[in-house]
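What follows is a set of notes on a single structure, which appears directly below.
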Amino acid sequence: MSARTTYFGTVYPAECDHMGHLNVAHYVAKFDAASWNFFFDLGVTREAMDAGNYAVAAVEQKLAYKRELMPGDAMEVRSRVLEVKEKAIRFVHEMIHRQSGQVAATSEYVSVCLDRGLRKSRPYPEAVLEAARGLIANQK
25 MSARTTYFGT
35 VYPAECDHMG
45 HLNVAHYVAK
55 FDAASWNFFF
65 DLGVTREAMD
75 AGNYAVAAVE
85 QKLAYKRELM
95 PGDAMEVRSR
105 VLEVKEKAIR
115 FVHEMIHRQS
125 GQVAATSEYV
135 SVCLDRGLRK
145 SRPYPEAVLE
155 AARGLIANQK
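Each step along the sequence shown adds one to the number in this note's numbering, with nothing skipped, and position 12 is 36.
Below you can see the structure in the form of structure tokens.
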């Protein structure tokens, strides 16, 4: 299995800037929505975080713009796990222009697990690590 779809959307005129294409703030917002769907697939839900007294935080993001998205364009975000460590998961999103199949943007993240009381990193729950490792295995 390659990347999994974590978001579908459409570019609305109100999301575009003075140059007529999707504004950078909306790329980030769509990638953020994809991130929460990605984490849901790993078992990281609001309920799980509340029960385990943990949170996730992006500590690094690398964004690359490849192709303009215009009003009315349909887009899809596909996500892959790149690396799993005890306290960090590195993953990448690819935003695909659905009409052409071309990559419009990529966003790579490093996300850490945080103890909500101490506000410090801690290991991800084992079930989350296993799910992330399983995604890597299925990507090959």
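Virtual Cβ for every residue (Gly too), placed ideally from N, Cα, C.
Using a Cβ-Cβ distance cut-off of 8 Å, the segment 91–99 and the segment 114–123 are in contact, since at least three pairs of beta carbons, one from each stretch, lie closer than that value.
Contact check for Ser103 against Arg28 passes: the beta carbons are separated by less than 7 Å. By the CB criterion at 7 Å, Ala161 and Leu66 fall outside the cutoff. Straight across, the Cα-Cα distance linking Asn61 with Val116 is about 13 Å.
Straight-line measurement puts the Cα of Ser26 at about 5 Å from the Cα of Gln163.
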